[in-house]
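Under my numbering, think of the first position of the sequence shown as 258, with each following residue one higher.
Ideal Cβ placement from N, Cα and C applies to all residues, glycine included.
One structure is given below, encoded as structure tokens.
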Amino acid sequence: MFRLSRTVLALCLSLCLAIPALAGHDAKKEPKRAIVVAAFGTTVPEAAPALEKMVERVKAAYPGVPVSLCYTAAMIRHKLAKEGKIVPSPAEALAVLPDQGVTDVAVLSLQTIPGHEYDDLLRLAAAFTGLPKGLRKVDVSAPLLFGQDDFPRVAKALLEAAPRERKPGEAVVFVGHGTDHPANMAYPALQYTLWRLDPGAFVATVEGTPSFEDAVSELKKRGVKKAWLMPLFAVAGDHARNDMAGPEKDSLASQLKAAGIEAVPVLSGNGDREAVAAVWMDHLKDTFQALPGS
Numbered sequence: 258m259f260r261l262s263r264t265v266l267a268l269c270l271s272l273c274l275a276i277p278a279l280a281g282h283d284a285k286k287e288p289k290r291a292i293v294v295a296a297f298g299t300t301v302p303e304a305a306p307a308l309e310k311m312v313e314r315v316k317a318a319y320p321g322v323p324v325s326l327c328y329t330a331a332m333i334r335h336k337l338a339k340e341g342k343i344v345p346s347p348a349e350a351l352a353v354l355p356d357q358g359v360t361d362v363a364v365l366s367l368q369t370i371p372g373h374e375y376d377d378l379l380r381l382a383a384a385f386t387g388l389p390k391g392l393r394k395v396d397v398s399a400p401l402l403f404g405q406d407d408f409p410r411v412a413k414a415l416l417e418a419a420p421r422e423r424k425p426g427e428a429v430v431f432v433g434h435g436t437d438h439p440a441n442m443a444y445p446a447l448q449y450t451l452w453r454l455d456p457g458a459f460v461a462t463v464e465g466t467p468s469f470e471d472a473v474s475e476l477k478k479r480g481v482k483k484a485w486l487m488p489l490f491a492v493a494g495d496h497a498r499n500d501m502a503g504p505e506k507d508s509l510a511s512q513l514k515a516a517g518i519e520a521v522p523v524l525s526g527n528g529d530r531e532a533v534a535a536v537w538m539d540h541l542k543d544t545f546q547a548l549p550g551s
């Protein structure tokens with residue numbers, strides 16, 4: 258998780274105040290828009306194609322518009338750098354755009370909920386907006402679960418992506434990250450929405466609520482004998498392969514097995530699911546169309 262220090266923000270504000278005469282330096286500059294796709298990131302090679310699919314969707318929808326990918330997670334960027342794979346941070350991705358003639362940027366947030374990562378993107382966008390000799394406007398699209406209409410749409414898309422082999426009486430558990438941020442309430446809200454469509458669909462989170470224990474308890478109470486486990490992440494990365502499906506005793510799969518419930522992991526992320534990805538794309542459309550010059 259990346260963080261903007263108060264020092265960096267103060268410096269940005271100081272530049273804006275100290276050089277007001279330059280604020281209009283690009284008033285006559287030809288508008289040029291760009292899109293930055295911001296994902297948490299992954300170090301799992303098998304998971305990366307889901308993010309590449311999202312980038313390709315954006316390029317196809319916005320021909321001629323520069324599109325770049327960045328990772329918000331510093332630990333992932335550092336690990337990849339040691340392997341010789343350089344992926345920019347959101348700040349690095351934005352910083353190079355003015356030299357390419359870009360004036361306005363839409364950031365596609367691939368976050369699931371408006372939690373800490375999303376808050377950081379909003380602060381970064383505000384810091385980069387209106388800097389002298391910089392970008393005129395930077396705006397961030399809504400995460401997957403944001404507006405009231407997102408929940409039934411995402412719930413329906415997730416259920417459509419459930420394995421066709423799933424039989425009556427078998428559960429499907431969508432596994433998210435969870436957080437101490439108030440936005441964690443999006444997960445119980447999604448659970449409620451799913452139950453209205455399919456009583457056998459559940460939500461569980463690694464670090465929030467509903468917890469793994471909550472999900473296991475509910476499945477036992479209902480006498481479920483088999484559960485399909487599906488990541489509620491953009492990619493089926495480390496959390497999906499270890500916390501959800503791993504052999505460790507505290508993984509969801511192991512806890513279900515200990516409770517006498519067969520667990521069948523499905524290692525694909527939301528970036529692989531067209532109907533789910535379409536929600537992100539619609540949020541991007543709203544943001545892109547609101548940029549100056551649209």
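*Pairwise C-alpha distance: Ala515 and Ala318*: Numbered from its first residue, the sequence shown carries residue 318 at position 61. Numbered from its first residue, the sequence shown carries residue 515 at position 258. Using only the alpha carbons, I get a separation of about 46 angstroms.
*Figure out for me which residue from Asn441, Glu464 and Ala534 has the closest Cα to the Cα of Glu417.*
Within the sequence shown, residue 417 is the residue found at index 160, counting from 1. Here the closest residue by C-alpha is Ala534.
_Identity of the residues DSSP links to Ile292 by a beta bridge_ = Your numbering for residue 292 matches position 35 in the sequence shown. For Ile292, which the question treats as bridged, DSSP gives the partners Val324 and Ala363.
*Does DSSP put Phe469 in a helix, a strand or coil?*
On the sequence shown, residue 469 is found 212 positions in, with the first residue counted as 1. In the three-state scheme derived from DSSP, where H, G and I count as helix and E and B as strand, Phe469 is classed as helix.
*By the 10 Å Cβ neighbour count, where 16 or more other Cβ atoms means buried, how is Gln546 classified, buried or exposed?*
Locating residue 546 in the sequence shown gives position 289, where the first residue counts as 1. Exposed, because fewer than 16 other Cβ atoms sit within 10 Å of the Cβ of Gln546.
*My understanding is that Leu367 touches Ala491, with C-beta atoms under 8 angstroms, so please give their C-beta distance in whole angstroms.*
Locating residue 367 in the sequence shown gives position 110, where the first residue counts as 1. Locating residue 491 in the sequence shown gives position 234, where the first residue counts as 1. Contact between Leu367 and Ala491 holds: their C-beta atoms lie close to 5 angstroms from each other, under 8 angstroms.
*So, using beta-carbon positions, are Ile518 and Val481 closer together than 8 angstroms?*
In the sequence shown, residue 518 corresponds to position 261, counting from 1. In the sequence shown, residue 481 corresponds to position 224, counting from 1. Yes, these two residues count as a Cβ contact at 8 angstroms.
_Using a Cβ-Cβ cutoff of less than 6 angstroms, which residues in the same chain neighbour Gly457 once the five nearest sequence positions on both sides are dropped?_
Counting from 1 along the sequence shown, the entry for residue 457 is found at position 200. A distance below 6 angstroms between beta-carbons, with the five flanking residues on each side excluded, links Gly457 to the following residues of its chain, in chain order: Ala428.
*Label Arg421 either buried or exposed according to how many other C-beta atoms from any shown protein chain fall within 10 Å of its C-beta, with 16 as the threshold for buried.*
What you label residue 421 is simply residue 164 of the sequence shown in a count that begins at 1. Under this definition Arg421 is an exposed residue.
_To the nearest angstrom, how far is the alpha carbon of Ala278 from that of Gly391?_
Position 21 of the sequence shown, counting from 1, holds the residue named residue 278. Position 134 of the sequence shown, counting from 1, holds the residue named residue 391. Confidence in Ala278 is poor, its pLDDT being 35 and thus under 50, which makes the residue's placement unreliable; the coordinate value appears in the next sentence. The straight-line gap from Cα to Cα measures roughly 14 angstroms.
*the stretch 371–378 contacting the stretch 432–441, beta-carbon criterion three pairs below 8 angstroms*: Output reads yes: the stretch 432–441 touches the stretch 371–378.
*asked:* Is the separation between the beta-carbon of Asp407 and that of Val536 shorter than 8 angstroms?
replied: On the sequence shown, residue 407 is found 150 positions in, with the first residue counted as 1. On the sequence shown, residue 536 is found 279 positions in, with the first residue counted as 1. Yes; because the gap between Cβ atoms is below 8 angstroms, this pair is in contact.
*Report all residues from its chain with a CB closer than 7 angstroms to the CB of Ala446; omit the five preceding and five following residues, and keep chain order.*
Within the sequence shown, the letter at position 189 stands for residue 446. The answer, listed in chain order, is Phe408.
*Among the residues of its own chain, which have a CB less than 7 angstroms from the CB of Lys316, if the five just before and after it don't count?*
Translated into the one-based positions of the sequence shown, residue 316 becomes position 59. Contacts found: Val324.
*asked:* So, with DSSP's three-state summary, where would you put Asp406?
replied: The residue given as residue 406 occupies position 149 in the sequence shown. If DSSP states are grouped into helix, strand and coil, Asp406 belongs with coil.
*So Val460 is in the beta strand (DSSP E); what residue range does that whole segment cover?*
Mapped onto the sequence shown, residue 460 falls at position 203. Segment Ala458 to Thr462, the beta strand (DSSP E) holding Val460.
_I need the boundaries of the alpha helix (DSSP H) containing Pro504, first residue and last residue._
Counting from 1 along the sequence shown, the entry for residue 504 is found at position 247. Where Pro504 is concerned, there is no enclosing alpha helix (DSSP H), given that its DSSP letter is neither H nor E.
*Going by other Cβ atoms of all chains shown within 10 Å of its Cβ, with 16 needed for buried, is Met332 buried or exposed?*
Position 75 of the sequence shown, counted from the first residue, corresponds to residue 332. The residue is exposed, with fewer than 16 neighbouring Cβ atoms inside 10 Å.
*Can we say the stretch 290–302 touches the stretch 338–353, given the rule of at least three CB pairs closer than 8 angstroms?*
The answer is yes - the stretch 338–353 touches the stretch 290–302, with three or more Cβ pairs under 8 angstroms.
*Give the single residue among Met442, Thr466, Phe469 and Phe431 whose Cα lies nearest to the Cα of Asp455.*
Locating residue 455 in the sequence shown gives position 198, counting from the first residue. Asp455 has its Cα closest to that of Phe431, out of Met442, Thr466, Phe469 and Phe431.
*Tell me which same chain residues have a C-beta within less than 7 angstroms of the C-beta of Val523, skipping the five on either side of it?*
For the purposes of this step, residue 523 is identified with residue 266 of the sequence shown, where counting begins at 1. Around Val523: Pro420, Trp485, Leu486 and Met487.
*Taking Ala291 and Val359 to be in contact with their CB atoms under 8 angstroms, please state how far apart those CB atoms are, rounded to whole angstroms.*
By 1-based counting over the sequence shown, the position of residue 291 is 34. By 1-based counting over the sequence shown, the position of residue 359 is 102. Indeed, because the Cβ distance is near 4 angstroms, the residues count as touching under 8 angstroms.
*Exposure of Tyr449, with buried meaning 16 or more beta-carbon neighbours within 10 Å*: Translated into positions along the sequence shown, residue 449 becomes position 192. When all chains shown are included, Tyr449 counts as exposed.
*Measure the alpha-carbon distance for Lys483 versus Gln405 and round it to whole angstroms.*
Within the sequence shown, residue 483 is the residue found at index 226, counting from 1. Within the sequence shown, residue 405 is the residue found at index 148, counting from 1. Roughly 31 angstroms between the two C-alpha positions.
_Residues bridged to Leu486 [DSSP beta-bridge criterion]_ = Position 229 of the sequence shown holds residue 486. Leu486 pairs with Val430 and Pro522.
*Closest residue to Ala307 among Met538, Lys478, Asp529 and Asp361 (Cα-Cα distance)*: Here residue 307 refers to the residue found at position 50 of the sequence shown. Closest option to Ala307, Cα to Cα, is Asp529.
*Between the Cα of Ala443 and those of Val411, Ser508 and Pro425, spot the shortest distance and give me the residue it belongs to.*
Within the sequence shown, the letter at position 186 stands for residue 443. Minimum Cα-Cα distance from Ala443 among the listed residues Val411, Ser508 and Pro425 corresponds to Val411.
*May I ask which residues mark the beginning and end of the beta strand (DSSP E) holding Lys394?*
Start at 1 with the first residue of the sequence shown, and residue 394 comes out as number 137. In the DSSP assignment, Lys394 falls within the unbroken beta strand (DSSP E) covering Lys394 to Val397.
_Proximity below 8 angstroms, CB of Thr462 to CB of Gly503_ = Residue mapping note: residue 462 aligns to position 205 of the sequence shown, counting from 1. Residue mapping note: residue 503 aligns to position 246 of the sequence shown, counting from 1. Here Thr462 is not near Gly503, since their CB atoms are 8 angstroms or more apart.
*Inspect the beta-carbon positions of Val344 and Leu354 and report whether they are closer than 8 angstroms.*
Within the sequence shown, the letter at position 87 stands for residue 344. Within the sequence shown, the letter at position 97 stands for residue 354. Not a contact, by the Cβ cut-off of 8 angstroms.
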